[in-house]
Amino acid sequence: MASREQKAKKGTKRQRKKGGGAPRRRASQPQEHFYIQHTDNDMMLIISDQGDGGFSTTRRVRRMTEPASSGNAPTTDSGWGETMPLEILHRVFQLLAESEGAVPTLCRLSRVCRRWCQVASSPSLWRRVSLGFCWVEPGKKIPPKTQTKVQDTVQKLIKDRLSLLSDFSLHHWKQQVPFVVKELSLHCPQLSTLTLSHCHGVSLDALLSVAQNCPQLVSLNLQNSQVESSALLRFLDECGFRLQHLFLTLSNQTKAVMSRLAVGSCPELRLLEVNTEIKQGGSDLPVCIESLQVGCPKLEVLRLLNLVCSPKSLNRRLADLPGFVDLQELCLATSTYSLVNDSTCKRLLRDSSKLKVLDLRGCLKVTPQGICDLPCTDLERLYLGMYWSTNNLALPSAGSVLLVRRWQHSLRDLDLTSQRFSEDDLTQTLHVLSRGGSNDTLQSLNLAGTKATSSAIRNLLRSCQSLTHLDLSMCRHLPRGMKRVYRGGPDIQQCLNGLSEETGEEDGGEEVPQGPAEIND
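Counting from 1, position 160 in the sequence shown corresponds to residue 160 in full-length UniProt numbering; the numbering is continuous, with no gaps.
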C-alpha cells in the first residue's frame, strides 16, 4: 500500500517537472447576446438580439477576451438600435428617406434587424419613391425568369409599402412600364406626381388607368420617354381638368397637345415645360401665344427649352383679354437659332407684372431696350448669355446699364456671357450694381467672354458682400490667372485680393465714364 502511494507521488513529481499536471477545467464563458452582420458595404454591424424585436442567428461569433484593464476603459454599446424608441427611429428613417430617397435607403435599413425592418416598412416613409432599372447590364436583353422576378418584386413593393405613395419616378425602364403604372393605379390612390423618364412603351391603357384610379394626380412628366400615339391626348381628355404640372419632350404629338391646351383642356395648369435634346436642336414649335394665355390663365412657369419657338400671327380678337397674369418664370433658352424678338416677349409678358425669372439665353434678336419695356417690376434672375459662336452675329454694344438700372434693387442673378457690350458700357453697369458701395442682393454674376475691366470688377466686389458665384472666364481685359470661375466667399475674396495686387490699389477705384444711361443719384 505504501509502495503504491510512493509510486503515485513519484509520477506526480515527474508530471510537474515536465510542466504537466492535472488538466484544468476551462472557465465557462457567459453567453453573448449579440451577433455580427455584414452589410453590402463590407461594414460589420454589432446587433443585440435581446429585446422584443431581436432574433438569434444559427452562428454566433465568440468575442475575444482581453486582459483586465482599468475601470475607465471605453465600453461598446451594441444594443442602442434595440433600445431606441420606435418614434425616434421612425423620425431618423424619415429624414434619411427625404434626403437620400426611400430606395435604396429604407431597403438597406430593413435588413439590419427585425425592429428596424418593422419601422422601415411603415407606408408613411414611402411617400416619395424613385426607381431605376438595375436588374441587367445596360444594352442586354432581360431573360424571361428575370422579367418574372422584376414583376414579383415590384408588385410586392407596391402592395406592401406604397399605399400612401404620393410621388413616384421611374427612370430608364425599357420594359414592364405599363405593368408598373397599372399596379400603381390599383394600389396607390394618393398618387399626385408621376414621372416616367427615358422609358419605353408608355401605353394608352396605362395612362388611362392612372388617370381614372388616382384622383389626386396633378403632375405628369413624360420627358424623353416613348409614348404610344394619341395616349397623351386621351389622358388630357380624361383628367386634364385637374392637371397642374406637365413636362414633355418635343415629338410628333406636341403640336396637337399645344393646340389642346390652347382650347382650355387644362385650365388649372401652373407649369408647362417642353424641351428637346441639345443634339436635336432646331426643332420648330409653333405657338399661338394669345390662345395659350386664354386656355391656361393660371400658368406660373413656362419653359420652352432648346426649341425654335415660332409664334403664330397676332390674334387681335384675343389681344384684349388678360395674358399670363400669374406668370413668375419664362424660359426660352436655346443653343441654336432663335426667332424670339422684342415683340414675342411683349406678347408673352404683357400682363406679367409678377415675373421673377427671365431666361433668354441664345435669343439674339431680343434687345436691352425691349427687355426694359416689360411690365415686371421686381425681376430677380436675368439670363442673357450666348453659349454658342457669336462671331458673325450683330449683337448690341450698349444697353446693359439700362437693364441693371431698372432692376438693381431686386437682381440676384445676372448672366451676360459672351455679350458684346463695350468696355465703357460694362463699367457703368458694374458701377450701378455696386449701389454706391453696398449691394446685399446680388448673388451670382456671369461675365464670361465680356470686356469687363479689372478695376470695374474690383470696385463691384468691394460692394457685393453676398456674391457667391462669379464667372470671369475668357475676359480679355483681365490678367492671366484671373480668368476663371470663382465660387464661395473665400474664393471671391481671393479674386478681389488678386485684382487689387494687379492694379497696386487697396482703396478707391477708377473714374466711371459718364454716358446718357448713367444713373441719376
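The beta carbon of each residue, even a glycine, is placed where N, CA and C say it ideally should be. Computed from a predicted structure; not experimentally measured.
Excluding the five sequence neighbours on either side, which residues of its own chain have a C-beta within less than 6 Å of the C-beta of residue i, listed in chain order?
i	result
residue 173	133, 199
residue 382	358, 414
residue 89	119
residue 378	410
residue 311	287, 289, 344
residue 258	none
residue 456	427, 430
residue 264	295
Could you round the C-beta distance between residue i and residue j to whole angstroms and report it? I think they count as a contact, below 8 Å.
i	j	result
residue 273	residue 247	5 Å
residue 432	residue 405	5 Å
residue 196	residue 232	Actually they do not touch by this definition, with Cβ atoms about 11 Å apart.
residue 411	residue 434	Not really, about 12 Å apart at Cβ, beyond 8 Å.
residue 304	residue 332	6 Å
residue 210	residue 184	6 Å
residue 400	residue 367	That pair is no contact at about 11 Å.
residue 103	residue 131	6 Å
residue 525	residue 244	The requested residue 525 is not part of the displayed model; the chain covers only 1 to 521.
residue 444	residue 468	7 Å
residue 159	residue 187	6 Å
residue 440	residue 466	5 Å
residue 334	residue 307	7 Å
residue 271	residue 301	4 Å
What residue range does the alpha helix (DSSP H) around residue i cover?
i	result
residue 351	Looking at the DSSP string, residue 351 is not in any alpha helix (DSSP H), and its letter there is neither H nor E.
residue 179	177-187
residue 459	454-463
residue 109	102-109
residue 150	144-161
residue 259	254-262
residue 232	231-239
Give the DSSP-derived three-state secondary structure of residue i in the structure shown.
i	result
residue 269	coil
residue 200	coil
residue 432	helix
residue 515	In this predicted model, residue 515 has a pLDDT of only 48, less than 50, meaning its place in the structure is not dependable; the value taken from the coordinates is given anyway. Three-state DSSP puts residue 515 in coil, outside helix and strand.
residue 123	helix
residue 329	strand
residue 477	coil
residue 496	helix
residue 501	helix
residue 294	helix
residue 224	coil
residue 210	helix
residue 420	coil
residue 524	Here the chain comprises residues numbered 1 to 521, so residue 524 is not present and cannot be evaluated.
residue 205	helix
residue 92	helix
residue 316	coil
residue 358	strand
residue 45	Bear in mind that a pLDDT of 39 at residue 45, under 50, signals an unreliable position, so the number given afterwards is only what the model happens to contain. Strand.
residue 86	helix
residue 373	coil
DSSP puts residue i in a beta bridge; with which residues?
i	result
residue 130	169
residue 303	273, 331
residue 522	Outside the displayed span of the chain (1 to 521) sits residue 522, for which this structure offers no information.
residue 193	167, 219
residue 365	341
residue 381	357, 413
Span of the beta strand (DSSP E) holding residue i?
i	result
residue 249	245-249
residue 548	Because the chain spans 1 through 521 in this model, residue 548 falls outside it and cannot be assessed.
residue 310	308-311
residue 286	284-287
residue 413	413-415
residue 445	444-446
residue 387	It is not in any beta strand (DSSP E) - residue 387 carries neither H nor E in the DSSP assignment.
Apart from the five residues just before and just after residue i, which ones in its own chain have a Cβ nearer than 7 Å to its Cβ?
i	result
residue 478	454, 472
residue 120	93, 106, 109, 110
residue 86	119
residue 315	288, 290, 291
residue 127	164, 165, 166, 167
residue 97	105, 106, 125
residue 403	368, 371, 372, 382
residue 122	90
residue 178	201, 203, 205, 206
residue 151	176, 179
Considering only residues of the same chain and omitting the five flanking positions on each side of residue i, which have a CB-CB separation below 8 Å?
i	result
residue 395	364, 386, 419, 420
residue 318	290, 291, 293, 294
residue 255	285, 286
residue 234	204, 207, 208
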